[in-house]
Each structure stands twice: as structure tokens, then as C-alpha cells.
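Heads up, the thing below is written out as C-alpha cells.
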Amino acid sequence: MNKLLFSFAIPGILGLLSGFLYIIVDTIFVGRGVGPLGIAALSIALPILLSIMAIGLMVGTGSASIISRALGKNDVKRAVNSMGNGVILNLLLNITFIALAYIFIDRVLLFFGASADVIPIAKEYLIIVFPGFILLSFLITTNDFVRAEGKPRAAMYFIAVGSILNIILDPIFIFGFKMGIRGAAVATLIGETLSTILIIWFYIWGKSIYKLKPSTFRIDFKKIKEILLIGCPTFIMMTVTSVVILIFNRSLRVYGNDIHIAILGIGYRMIGFIQVPIVVISQSFATISSFNYGAKKYQRVKKILWLTIIWTSIISLIAFIPMMFFPGYFLSIFSSNQSLINMGIMPLRLLVAFFPFVGMHMVSASFFQSLGKPVQSLLITSTKQFLFLIPAIYLLPKIFGLNGIWLAMPVADFLSITIAGIFIFCELRIFNRKTSSEVLEIS
Numbered sequence: 175m176n177k178l179l180f181s182f183a184i185p186g187i188l189g190l191l192s193g194f195l196y197i198i199v200d201t202i203f204v205g206r207g208v209g210p211l212g213i214a215a216l217s218i219a220l221p222i223l224l225s226i227m228a229i230g231l232m233v234g235t236g237s238a239s240i241i242s243r244a245l246g247k248n249d250v251k252r253a254v255n256s257m258g259n260g261v262i263l264n265l266l267l268n269i270t271f272i273a274l275a276y277i278f279i280d281r282v283l284l285f286f287g288a289s290a291d292v293i294p295i296a297k298e299y300l301i302i303v304f305p306g307f308i309l310l311s312f313l314i315t316t317n318d319f320v321r322a323e324g325k326p327r328a329a330m331y332f333i334a335v336g337s338i339l340n341i342i343l344d345p346i347f348i349f350g351f352k353m354g355i356r357g358a359a360v361a362t363l364i365g366e367t368l369s370t371i372l373i374i375w376f377y378i379w380g381k382s383i384y385k386l387k388p389s390t391f392r393i394d395f396k397k398i399k400e401i402l403l404i405g406c407p408t409f410i411m412m413t414v415t416s417v418v419i420l421i422f423n424r425s426l427r428v429y430g431n432d433i434h435i436a437i438l439g440i441g442y443r444m445i446g447f448i449q450v451p452i453v454v455i456s457q458s459f460a461t462i463s464s465f466n467y468g469a470k471k472y473q474r475v476k477k478i479l480w481l482t483i484i485w486t487s488i489i490s491l492i493a494f495i496p497m498m499f500f501p502g503y504f505l506s507i508f509s510s511n512q513s514l515i516n517m518g519i520m521p522l523r524l525l526v527a528f529f530p531f532v533g534m535h536m537v538s539a540s541f542f543q544s545l546g547k548p549v550q551s552l553l554i555t556s557t558k559q560f561l562f563l564i565p566a567i568y569l570l571p572k573i574f575g576l577n578g579i580w581l582a583m584p585v586a587d588f589l590s591i592t593i594a595g596i597f598i599f600c601e602l603r604i605f606n607r608k609t610s611s612e613v614l615e616i617s
């Protein structure tokens with residue numbers, strides 16, 4: 175079961191970690207080369223980046239579902255045309271989004287919580303990197319296409335190569351050419367361009383089923399509608415994360431300052447990076463669990479559930495211990511500014527206070543998804559953000575001031591983890607009754 179779980183998970187983990195390195199590496203080098211205001215600028219830009227990624231995930235998830243079902247029926251023509259419609263939809267949505275962001279960039283940055291000191295730095299970064307955001311969204315979408323045709327390792331390599339190039343170029347442009355935050359933007363743009371060239375090469379000359387011909391891109395509005403309907407839940411959940419960061423930033427602008435926004439940006443990047451393997455393992459578990467549940471092998475479902483909870487909890491605990499006891503060290507990776515490091519120790523500890531239980535929370539949502547119970551899954555995933563976190567960000571600062579903003583995360587984590595635990599406990603009682611019936615039938 176361990177081998178099965180990780181054979182599904184490892185390619186996805188490596189691919190997503192490679193993609194996430196774009197965000198982490200930029201933050202580290204900008205923090206070292208530009209300072210706390212540079213990190214604050216990246217933190218303000220993060221909701222925009224997440225919105226672009228949400229478009230890519232929405233189109234990729236929706237298209238990949240159609241492609242997988244078509245290939246299962248050996249309908250290659252439908253699969254290829256779905257890929258073409260996905261590419262067109264992705265580009266149209268992103269170009270529209272970016273064009274509006276260019277036109278209203280000052281208002282957007284102000285609305286997202288940027289101060290007068292941060293706006294010029296964030297603007298300098300975004301103006302260069304906006305085309306790269308379109309390419310990143312394209313990469314996210316097309317990587318889902320590649321995985322849908324059964325080539326997950328190829329999908330991983332395309333993002334990894336660009337990410338490695340970005341790591342190499344960041345210090346060259348930021349420190350060598352003294353370009354500051356513009357250097358980080360240029361390095362990111364070049365890395366994403368290389369990944370895009372590689373994936374287009376794969377489609378034209380590689381072993382992909384998708385061939386870039388005019389018929390591939392024949393617009394089918396029914397397919398576009400289906401892509402949007404299937405991918406919409408993914409878009410909503412990703413956009414909610416973007417909205418939460420936006421609300422955090424705006425609250426920190428009122429109760430704190432730019433350094434606090436920079437601290438939040440560092441914390442979210444670290445947490446996001448650590449959550450990548452947990453998310454992928456949870457998704458891989460859902461695939462295995464749904465197969466066995468459909469076959470009425472309830473004992474195997476329970477076994478893989480506990481196994482997945484154990485592994486994700488171990489990963490969470492391994493990350494929690496150093497971040498809780500040595501937060502200053504991790505902050506110093508991103509910045510040498512002693513004020514930022516000192517001010518960030520307590521917030522970072524609060525952000526990860528319930529991290530050992532995050533794995534169980536994510537797995538529980540995937541568990542109900544695999545059972546075909548979307549209501550329970552949606553309640554588990556949405557209550558943290560909508561019911562607990564967003565209200566807590568608004569209410570707790572009124573009582574505790576700045577500390578209330580940092581307390582919002584552990585409060586929301588505790589409440590949402592408790593609800594997830596209750597849901598799993600109730601469902602396992604049903605499983606135990608089914609298992610008992612199974613044993614009686616056999617005997």
C-alpha cells in the first residue's frame with residue numbers, strides 16, 4: 175500500500191515543488207537584494223499570482239477530466255480537441271485578466287494593501303513579470319494535459335527545468351547586474367519561457383497524442399462550458415486563498431506596517447511549500463480510495479486512509495518542529511534585516527501552531543471526495559476559510575490589535591480540524607457497520 179500510494183504521489187510532488195520554487199527563490203533573493211520592502215511587494219503581488227494560477231488550474235482540471243474520459247473510450251479526436259479548447263480558453267482568460275491589471279495597476283496594488291513605499295517596487299516587478307504569469311498559467315494547464323495522457327514524469331521535467339534556470343539567473347540579475355526586483359522578474363520570465371518552449375516542442379516533435387494542427391484549436395463552446403463547470407470548484411477554492419491573503423494584507427496595513435506584510439508573505443510561502451507533498455499525497459490517496467470503495471473493499475479503504483493520515487502527519491510534524499523552535503533561522507534565510515527577524519518570530523509560530531494536524535484535515539476532504547460525498551468534502555475545505563478564518567481576521571484585531579491578526583490562523587485551524595475529525599469519526603462508524611456485515615456474509 176505504501177508503494178502504491180507513493181508511486182502515484184512522487185511525480186506530482188516533484189513537479190509541484192519545482193513550480194513552487196519560482197515563488198520561494200524569488201522571495202529569498204529579493205529579500206537579500208532589495209530588503210523587507212521587496213518582500214512586501216512580492217506579498218502584495220501574491221494574490222494576483224494565485225488568481226492567475228487559479229485560472230490555469232481551473233482550465234487544466236476541467237480539460238484533463240474530459241481528456242481522460244475521452245481516452246478511456248479511445249476517442250483521441252475528442253481528447254485532442256478538448257486540449258485545443260483548453261489552451262484557447264486559458265489564453266483568453268489570462269490575457270483579459272492581465273490587460274485589466276496593466277490598466278488599473280496602481281488602483282489594484284492600493285486595494286491589495288500596498289503602501290506608498292511598496293507600490294513603486296511592486297509595480298516595477300509586475301510590469302515585467304505579467305507576461306510570465308500568463309506563461310505559468312499555460313504551463314499549469316498543459317501539465318494537466320500531459321498527465322491526462324499518462325506522462326506525469328514529462329510534466330514534472332518541463333516545470334523543473336525552468337525552475338532550475340530561474341534559481342541560476344536570480345542572483346546573476348539581482349546582484350551581478352544590480353537590477354534589484356526587476357532582476358527577479360526577468361529571471362522568472364526567462365525560466366517560464368524556457369518551460370513553455372519545451373512543452374510546445376513536446377507537442378510538435380515529442381510523443382504526445384496532441385498535435386498542434388488547425389483542427390486541434392477548432393472552438394467548441396459546449397466543451398468550453400464543460401471545462402468551466404468541471405474546473406470551477408478548483409478555481410473557487412484557489413481564489414478564496416487569494417482573497418484571504420488580500421484581507422490579511424489589508425488588515426496588516428491598518429494594524430501593522432510593511433514589515434508585517436513581508437512576514438506574512440514569508441510565512442505563506444513556507445507553509446505553501448511544505449503543504450505541496452501533503453496535498454499531492456491526499457490527491458493520490460483519493461484515487462486509490464475511490465477505486466477500492468467502488469469495489470466495496472472497505473477494509474482496504476480504511477487501511478489506506480490511516481496510512482495516508484500517518485504519512486501526512488509525519489511530514490507536517492517534521493516541518494512543524496524546526497519552524498516552531500527555530501523560526502528566526504528560517505526568517506534569516508529570506509532576509510538579513512534584524513527587525514524583520516525579531517518581529518516575525520511570534521507570528522511564524524502562531525501560523526504553524528496546529529500544523530501537525532493539517533495533514534489529517536486535508537486527507538479528510540480527499541476521503542469524502544473519494545466516497546462521492548462532495549457536500550462533506552466541500553464543508554471541510556470551505557469552513558476554514560469562509561466560516562472561521564475570514565471572520566477571525568476581521569474580529570480578533572478589534573480585541574487584540576495586531577496580535578489578533580496572527581491569532582486568526584491558529585483559531586481557524588483548530589476549529590476546522592475539529593470539524594474534520596468529527597466527520598471522519600462518524601463516517602468510520604458507518605464503515606465499521608459495513609465491514610461487520612461483510613464478515614457475517616462471508617461466514
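Quick note on numbering: the sequence shown equals residues 175 to 617 in the working numbering.
Where is the CB? At the ideal position from N, CA and C, for every residue including glycine.
Residue i, enclosing alpha helix (DSSP H) - first and last residue
i, result
"Gly533", "532 to 544"
"Tyr377", "355 to 379"
"Gly236", "210 to 246"
"Phe391", "First-last for Phe391: undefined, no H or E at that position."
"Leu505", "501 to 508"
"Leu386", "Where Leu386 is concerned, there is no enclosing alpha helix (DSSP H), given that its DSSP letter is neither H nor E."
"Asn431", "No alpha helix (DSSP H) holds Asn431; DSSP gives it neither H nor E."
"Lys251", "250 to 277"
"Asn516", "512 to 525"
Cβ-based neighbour list, residue i, same chain, cut-off 7 Å, excluding 5 preceding and 5 following
i, result
"Val613", "Residue placement at Val613 is flagged as unreliable, the pLDDT there being 49, under the threshold of 50; the coordinate-derived value follows with that caveat. Contacts found: none."
"Gly205", "Gly212, Ile213, Phe508, Ser509"
"Ser217", "Asn423, Ile435, Ala436, Leu438, Gly439"
"Ala328", "Val320, Phe376"
"Ile564", "Val418, Ile421"
"Phe307", "Leu223, Ile226, Ile272"
"Gly575", "Tyr429"
"Ser617", "Reliability of the predicted coordinates at Ser617 is poor, the pLDDT of 45 falling under 50, and the value obtained from them is presented with this limitation in mind. Nothing meets the Cβ criterion."
"Ala361", "Asn340, Leu343, Asp344, Phe347"
"Asn511", "Gly209, Pro210"
"Leu372", "Phe332, Val335"
"Trp485", "Ile455"
"Met498", "Arg523, Val526"
"Asn268", "Ile226, Ile229, Ile308, Ser311"
Residue from the options whose Cα sits closest to the Cα of residue i
i, options, result
"Thr413", "Ala215, Gly209, Pro221", "Pro221"
"Ile579", "Leu524, Leu602, Phe541", "Leu524"
"Leu505", "Phe203, Ser551, Gln559, Pro388", "Phe203"
"Leu402", "Ser256, Pro571, Asn577", "Ser256"
"Arg427", "Phe285, Ile604, Ile393", "Phe285"
"Gln559", "Tyr196, His535, Lys572", "His535"
"Arg392", "Val254, Ala219, Gly354, Gln512", "Val254"
"Lys297", "Ile519, Thr315, Ala275, Asn577", "Ala275"
"Gly230", "Asn248, Pro571, Ile262", "Ile262"
"Val282", "Ala215, Val450, Leu339", "Ala215"
"Tyr503", "Leu491, Ile519, Phe599, Ser513", "Ile519"
"Leu553", "Lys247, Ala594, Ile515, Ser416", "Ala594"
"Thr555", "Ser538, Asp432, Gly546", "Ser538"
"Ser458", "Met444, Lys470, Arg443, Ile478", "Ile478"
"Ile355", "Ile383, Ile302, Thr315", "Ile302"
"Ser126", "Glu323, Ser311, Lys470", "Here the chain comprises residues numbered 175 to 617, so residue 126 is not present and cannot be evaluated."
"Thr315", "Ala359, Phe351, Asn264, Phe278", "Asn264"
"Phe599", "Ile492, Tyr299, Trp480, Leu561", "Trp480"
"Met156", "Ser464, Phe494, Ser416", "In the structure as shown, the chain begins at 175 and stops at 617. Residue 156 is therefore absent and cannot be evaluated."
"Ile279", "Leu266, Pro294, Ser389", "Pro294"
"Asn577", "Val199, Phe304, Lys352, Met517", "Met517"
"Ile492", "Ala460, Gln449, Arg252, Leu570", "Gln449"
Cβ shell of residue i (< 6 Å), same chain only, five flanking positions each side left out
i, result
"Ile585", "Checking the sequence, you will find Val at residue 585 rather than Ile. Closer than 6 Å at the Cβ level, and outside the excluded window around Val585, lie Ala566."
"Phe409", "Ala228, Met232"
"Asn259", "Asp394, Lys397, Ile398"
"Asn466", "Arg474, Val475"
"Ala288", "Ile218, Ala296"
"Gln550", "Phe542, Phe597"
"Asp587", "Phe528"
"Phe531", "Ile591"
"Ile483", "Met534, Val537"
"Ser416", "Pro221, Leu224, Ser225"
"Lys352", "none"
Heavy atom of the ligand ZN within 7 Å of residue i beta-carbon
i, result
"Leu363", "Although the ligand ZN was asked about, the structure shown includes no ligands whatsoever."
Cβ shell of residue i (< 8 Å), same chain only, five flanking positions each side left out
i, result
"Pro521", "His434, Ile437, Leu438, Gly441, Trp580"
"Pro548", "Phe542"
"Gly446", "Phe194, Ile197"
* To do: Taking only runs that begin and end inside the stretch 552 to 606, name each unbroken alpha helix (DSSP H) of 4 or more residues, in chain order.
  => You should have 564 to 574.
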